[in-house]
Amino acid sequence: KVDVRILATSNRNMEEEVRNKRFREDLYFRLNVMAIRVPSLRERPADIKPLSDYFIAKYSEANGMPVKPLAAGVLPLLQGHTWRGNVRELENCIHRAVLMAKGEEIAEEAIVLSGQPGGMGQPMGTAARVGAVANANYVPGALVGRTVSDVERDLIIETLQHCLGNRTHAANILGISIRTLRNKLKEYTDKGIPVPLPGGEAGRAGTGSGAGA
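Heads up, the sequence shown stops at 299 in the working numbering, and the numbers go up one at a time, no gaps.
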């Protein structure tokens with residue numbers, strides 16, 4: 087015998103999915119004992135502040151960092167965003183902000199929103215995608231004469247150094263998948279370019295564990 091409770095979620099209209107034969111009718115009626123509609127995050131902007139505070143505390147503790155409050159101009163920025171990815175998108179946004187924030191507060195330059203310059207929704211290369219985060223260190227003309235691949239490589243490696251070699255955190259900041267990051271790192275080590283190892287150890291060239299950790 088088993089005693090279980092099944093919670094199933096979807097961002098689609100399931101009755102419509104059933105009518106269009108994209109979801110099994112018998113399974114739908116087995117699952118649909120109690121249906122609860124959760125409004126999208128953009129429909130409940132008042133939830134953004136407590137959720138942001140929760141994620142700040144969560145990822146500050148996870149990364150051994152002090153808890154920093156949102157700066158005055160950040161909350162209106164967050165509340166005006168569309169949040170197509172709902173709470174998960176907000177969580178990733180705050181996670182990146184915790185890692186990138188400088189000073190005593192999480193300021194606007196640490197916030198990277200999708201669909202805006204520097205946001206993950208832009209169909210750009212990695213260097214452009216995190217441009218908003220990197221603005222604080224940008225020197226006009228410093229990139230002229232360099233190839234996109236060189237700039238991307240330096241950005242990836244510097245971000246990895248900032249994260250003490252943590253691949254997952256670096257991928258979150260860069261707005262790319264962990265698989266993409268690992269492929270890039272393998273490409274660099276295959277070319278003999280030193281890559282930071284997990285745990286903040288010195289980088290080493292070659293096809294060792296530095297690329298795949």
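Just so it is clear, CB atoms sit at the ideal spot from N, CA and C, and this is done for glycine as well.
CA-to-CA, the gap between residue 272 and residue 105 works out to about 47 Å. The region 140-156 and the region 115-132 do not touch, with fewer than three beta-carbon pairs separated by less than 8 Å.
Under DSSP, residue 156 takes part in a beta bridge, and its partners are 192. Under a 10 Å Cβ-count criterion, residue 274 is classified as buried, with 16 or more other Cβ atoms of the shown protein chains found around its own Cβ. Residue 250 carries a coil assignment under DSSP once its states are collapsed to helix, strand and coil. In chain order, 258 place their CB closer than 7 Å to the CB of residue 178, counting only its own chain and leaving out the 5 sequence neighbours on each side. Judged by pairs of C-beta atoms under 8 Å, the region 148-161 does not touch the region 112-122, as fewer than three such pairs exist. The DSSP-derived three-state label of residue 237 is helix. Between the region 129-145 and the region 169-183 there are three or more inter-stretch CB-CB distances shorter than 8 Å, so the stretches are counted as touching. If you check the CB distance, residue 182 and residue 160 do not come in under 8 Å. Rounded to the nearest angstrom, the gap between the Cα atoms of residue 281 and residue 249 is 13 Å. Distance from the CA of residue 186 to the CA of residue 91, rounded to the nearest whole angstrom, comes to 40 Å.
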